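Let me begin by presenting the structure, written as structure tokens, before commenting on it.
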Amino acid sequence: MRSHFPLTWLSLSSISLVIASSACADTPHHHAAILAGHETLSVRAHPVRRGTQEVLSHKLMEQQVPGTNPLKTLAQLPGVQFQSDDPQGLDTYSNQLYIHGFTQNDIGTTLDGIPLGEPTFRNYNGLSALQAISSENVERLDVTQSAGAESTPSTNNLGGSINYISANPKEKTGGTVSQTFGSNALFHSFFRVDSGHLNDTGTKFFVSYMRNQGEKWKGGGDQFVQQVNAKLVQPINQHSQISAFFDWDALQMVNYQDYTPNWLKNNGTKLDNFYGTPNAWSNAYNASQGIFPSSYKGINDPKDVSYYDSTASSSDLFGGITADLALTNKLRWKTTFYGHEETGHGTYANPYACRDASASPCPAQDDTIQLNGSRIFEQVRKPALERFGGITSLNYHIAHHALSAGLWYENNHYTSYEYAYQQPLPGQGAPLNPFGSFKNVPSRTLWGQEYNTNSFTAFVGDTYHPLPSLEIHAGFKSLLNTTRVGHATNWSLRFPSLATGESLTTAKAFLPHISLDWHFLHRHELFVDISENVHAYPQSGYNSSNSPFAVSQAAYNATRNTLKPETAWTFAGGYRYTSPQLQGSLYLYRTNFNNRLQQILANTGAGALLTNNTTTVQNVGGVTMNGVDASVTVSPIEGLSLFNSISYSHSTYDQNIRSDSTTYATRGQQVVAYPRFMYKARLAYEWHHWQAFVDAQYYGRRSFSYTGDFKLPSYWMSDLGLSYTLHDVSLGALKAVSVHRLVFSFNIYNLANVKYASTMGQNGFTMNNAGGAALNNQSILLGNPRQFFGSVRAEF
Numbered sequence: 119m120r121s122h123f124p125l126t127w128l129s130l131s132s133i134s135l136v137i138a139s140s141a142c143a144d145t146p147h148h149h150a151a152i153l154a155g156h157e158t159l160s161v162r163a164h165p166v167r168r169g170t171q172e173v174l175s176h177k178l179m180e181q182q183v184p185g186t187n188p189l190k191t192l193a194q195l196p197g198v199q200f201q202s203d204d205p206q207g208l209d210t211y212s213n214q215l216y217i218h219g220f221t222q223n224d225i226g227t228t229l230d231g232i233p234l235g236e237p238t239f240r241n242y243n244g245l246s247a248l249q250a251i252s253s254e255n256v257e258r259l260d261v262t263q264s265a266g267a268e269s270t271p272s273t274n275n276l277g278g279s280i281n282y283i284s285a286n287p288k289e290k291t292g293g294t295v296s297q298t299f300g301s302n303a304l305f306h307s308f309f310r311v312d313s314g315h316l317n318d319t320g321t322k323f324f325v326s327y328m329r330n331q332g333e334k335w336k337g338g339g340d341q342f343v344q345q346v347n348a349k350l351v352q353p354i355n356q357h358s359q360i361s362a363f364f365d366w367d368a369l370q371m372v373n374y375q376d377y378t379p380n381w382l383k384n385n386g387t388k389l390d391n392f393y394g395t396p397n398a399w400s401n402a403y404n405a406s407q408g409i410f411p412s413s414y415k416g417i418n419d420p421k422d423v424s425y426y427d428s429t430a431s432s433s434d435l436f437g438g439i440t441a442d443l444a445l446t447n448k449l450r451w452k453t454t455f456y457g458h459e460e461t462g463h464g465t466y467a468n469p470y471a472c473r474d475a476s477a478s479p480c481p482a483q484d485d486t487i488q489l490n491g492s493r494i495f496e497q498v499r500k501p502a503l504e505r506f507g508g509i510t511s512l513n514y515h516i517a518h519h520a521l522s523a524g525l526w527y528e529n530n531h532y533t534s535y536e537y538a539y540q541q542p543l544p545g546q547g548a549p550l551n552p553f554g555s556f557k558n559v560p561s562r563t564l565w566g567q568e569y570n571t572n573s574f575t576a577f578v579g580d581t582y583h584p585l586p587s588l589e590i591h592a593g594f595k596s597l598l599n600t601t602r603v604g605h606a607t608n609w610s611l612r613f614p615s616l617a618t619g620e621s622l623t624t625a626k627a628f629l630p631h632i633s634l635d636w637h638f639l640h641r642h643e644l645f646v647d648i649s650e651n652v653h654a655y656p657q658s659g660y661n662s663s664n665s666p667f668a669v670s671q672a673a674y675n676a677t678r679n680t681l682k683p684e685t686a687w688t689f690a691g692g693y694r695y696t697s698p699q700l701q702g703s704l705y706l707y708r709t710n711f712n713n714r715l716q717q718i719l720a721n722t723g724a725g726a727l728l729t730n731n732t733t734t735v736q737n738v739g740g741v742t743m744n745g746v747d748a749s750v751t752v753s754p755i756e757g758l759s760l761f762n763s764i765s766y767s768h769s770t771y772d773q774n775i776r777s778d779s780t781t782y783a784t785r786g787q788q789v790v791a792y793p794r795f796m797y798k799a800r801l802a803y804e805w806h807h808w809q810a811f812v813d814a815q816y817y818g819r820r821s822f823s824y825t826g827d828f829k830l831p832s833y834w835m836s837d838l839g840l841s842y843t844l845h846d847v848s849l850g851a852l853k854a855v856s857v858h859r860l861v862f863s864f865n866i867y868n869l870a871n872v873k874y875a876s877t878m879g880q881n882g883f884t885m886n887n888a889g890g891a892a893l894n895n896q897s898i899l900l901g902n903p904r905q906f907f908g909s910v911r912a913e914f
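Under my numbering, the letters of the sequence shown match residues 119 to 914, in that order.
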């Protein structure tokens, strides 16, 4: 997650964008507008009101396969990279977002202004937007790149913020039914009922249910998610309202096996875990003894190629209630209270229970788990969180000024424990169900920690219009965040003593944001945006991220005096030109990213993926990001448009990194996982009831080690979409069913069937490729091959 944004125009569907007011001040009068007219997506980085903002409407997201992650749509913009190992982008383990050199950990994410926390796998202070709201219920995305709007309730928006805006219930009684079929037995269903106005005051609500299930594109098992959303809106007079939103979701994913570049180069794309394949348990147990399938001959590190299983499951209860009140015709007060609870678990069938190479049962002196002597144990992580909070803001308009001020408080309790559950010896029963409860199964605790965090932010801002064509904004944010970790435990035969009884505080009293937007001539616009922000110390399970807490006590003691919260100054400026036939933009940015915390792997292979006992987290100094985005859209005739953009990012480390008494030559090297060059194009055409598009994206080489001595190759990606829309259709023998809108669509993802590495670094990066460390780093996931989808949607 990253920095700023230029104005970009993509012609695709009916979307226009306007600058919205502050997230906390979002009201019926201050929403970013969806304008009627020619179906063009105006994606502009508009540095006004606390940050540059882009708006992507539901109409654009509709062009994707139903259920697709909205971030896949966002990735059409210059400077944005989104990766996933599944075609819809639903696998939360593999989802990875970069914007102008910043990772998703540095992007603040909200739903209707309610914080969703860091958008990462095993989110410690929130939940993925996919789990918070069905994509069909997303009205738009308000995207602020740069250090983010000061009003955003977030402790991590160094590189921007994404606010998901939920659709309101419809004015009239109705509903939506959508069904999708696709490759690998994909089956996506969506049902929604809208009440319409229930009384004279305008009370209305909707309830929806979504179910998405499909087999993996390789290996065995499937990926499943179901979700219920509900929203109630109660108008109060003409300019105020109370609204409530609710979400329940349940996710069960059989994960793809983490890959190495070595396997991709020499063994193809089909290696995966044994789960869901013939003779899965016997093959897995044989592999734990060094007896591998004949097809594994010559594979480097064959024991880590395939485990019995790797899964993730979770369930959330999430919701909030908001009062948005017009106190006078110039003063608005908006207040939200929210709560969230998440439980779940992730599993690996770990084949490293025994130090001995082949014995079964494992001899007691070699048994590192000491349950029943099985060579495999089920390694189960059980994270859980409970949080509640409140947000309040005031917005006052006087003369040429729009003044705003607000507060946010949240308490979050997060636990992360990992257990070893007994798997049977050969001939003594079936293996454990990775999605089961594990109740009454012999086990022991491997490690665990508990975190308690209090977060508080306050902001003030003023947007001044000295001229109708000139807007000047100035504001600042204050942040106080304190986290304490305790109740640590560990199984000493496998894990060291973890950090416990420690506390870190992030305190920044003044984080400024200044912007200027000037329409100096008809169709011509200049903008400047300057901002600073901070990322509070993150949390995670032991050695699972760049959290300074999630390490051994010894490792924490070694780095505690050098730990500082990550901060960033971002300077952006640009120009845009807009006319019906031509839209163009140029956007330049510079970010000084300081005190970057990084997870560093010392060893790879031999089970390092399962323990990461040699992982360290340290301050690697600064990163300087200089970049430019340029885009142009040409619309020569009605309905036809061609979009092109290029992005260049020179994002490099400021210092050499010293780790384990060795100095590594990282200064001047491109940051890991983010390409220096990207090119994107889209050709779209609309004629009568038909819509069609084809897009292409080029991603340059990406560094897979900190010194940049090992890079993954560049690649092209392309998608195609075709849809046909009918309005006011009557169905049935007696035409008893009236359909307001009926849409048939067909999509192809990865049109050219490119083989490529998608997600990178989910298990960390090595310093360099000495001894093949990066080549054999099991920390990439592969992108899906060509996939086909057909959908039908009826709106009543």
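All residues carry an ideal CB built from backbone N, CA and C; glycine is no exception.
Here the structure is a predicted model, which means the values were calculated and not measured.
- Between I494 and Y403 a beta carbon distance of about 6 Å is seen, short of the 8 Å cut, so the two are scored as contacting.
- With a threshold of 16 other beta carbon atoms within 10 Å, G437 meets it and is buried.
- Under DSSP, the beta-bridge partners assigned to A520 are H515 and T581.
- Approximately 7 Å separates the beta-carbon atoms of Y693 and E643; this is inside 8 Å, confirming the contact.
- Within its own chain, the residues whose Cβ lies closer than 6 Å to the Cβ of N712, once the five positions on either side in sequence are excluded, are T685 and G740, listed in chain order.
- Under a 10 Å Cβ-count criterion, I409 is classified as exposed, with fewer than 16 other Cβ atoms of the shown protein chains found around its own Cβ.
- DSSP places Y414 within a helical segment (H, G or I) once states are collapsed to three.
- Taking 8 Å as the cut-off, the beta carbon of Y655 is found closer than this to the beta carbon of L622.
- Fewer than three pairs of CB atoms, one per stretch, sit closer than 8 Å, so the region 192–204 makes no contact with the region 286–295.
- Fully enclosed beta strand (DSSP E) runs of no fewer than 3 residues occupy 214–217 and 226–229 of the region 204–250, in order along the chain.
- Ranking Q359, L304 and G300 by CA distance to the CA of T319 puts Q359 first.
- For P353, the enclosing beta strand (DSSP E) covers residues D340 to I354.
- The bridge partners DSSP lists for N762 are V750 and A799.
- Sequence-distant partners of L801 (beyond 5 residues in either direction) whose C-beta falls short of 6 Å from its own C-beta, in its chain, are L760 and V812.
- In the DSSP assignment, P831 falls outside any beta strand (DSSP E) and carries neither an H nor an E.
- For a cut-off of 8 Å, the C-beta gap from H515 to K595 is around 21 Å, too long to register as a contact.
- By the C-beta criterion, the region 584–593 is judged not to be in contact with the region 456–471, since fewer than 3 inter-stretch pairs fall below 8 Å.
- Where Y817 is concerned, the enclosing beta strand (DSSP E) starts and stops at W808 to Y817.
- Rounded to whole angstroms, L700 and P754 show a C-alpha spacing of 8 Å.
- Rounded to whole angstroms, G338 and F392 show a C-alpha spacing of 7 Å.
- For M179, the secondary structure class from DSSP, reduced to helix, strand or coil, is helix.
- Contact between the region 615–629 and the region 541–548 is absent, with fewer than three C-beta pairs closer than 8 Å.
- In the three-state reduction of the DSSP assignment, K682 falls in the coil class, being assigned neither a helical nor a strand state.
- Under DSSP, no beta-bridge partner is assigned to W399.
- The DSSP-derived three-state label of N404 is helix.
- C-alpha of E257 to C-alpha of P287: approximately 11 Å in a straight line.
- E254 carries a helical assignment under DSSP once its states are collapsed to helix, strand and coil.
- For K798, the number of other beta carbons within 10 angstroms of its own is at least 16, and it is reported as buried.
- It is roughly 27 Å from the alpha-carbon of G416 to the alpha-carbon of P479.
- When only Cα atoms are considered, D846 and W808 end up about 16 Å apart.
- For K595, the enclosing beta strand (DSSP E) stretches over residues L588 to N608.
- Scanning the region 424–495 from its first residue to its last, the whole beta strand (DSSP E) runs of 3-plus residues come out as 428–444 and 449–468.
- Shown here, W335 sits in coil according to DSSP, grouped into three states, outside any helix or strand.
- The closest CA to that of E254, considering only K177, G691 and F822, is found on K177.
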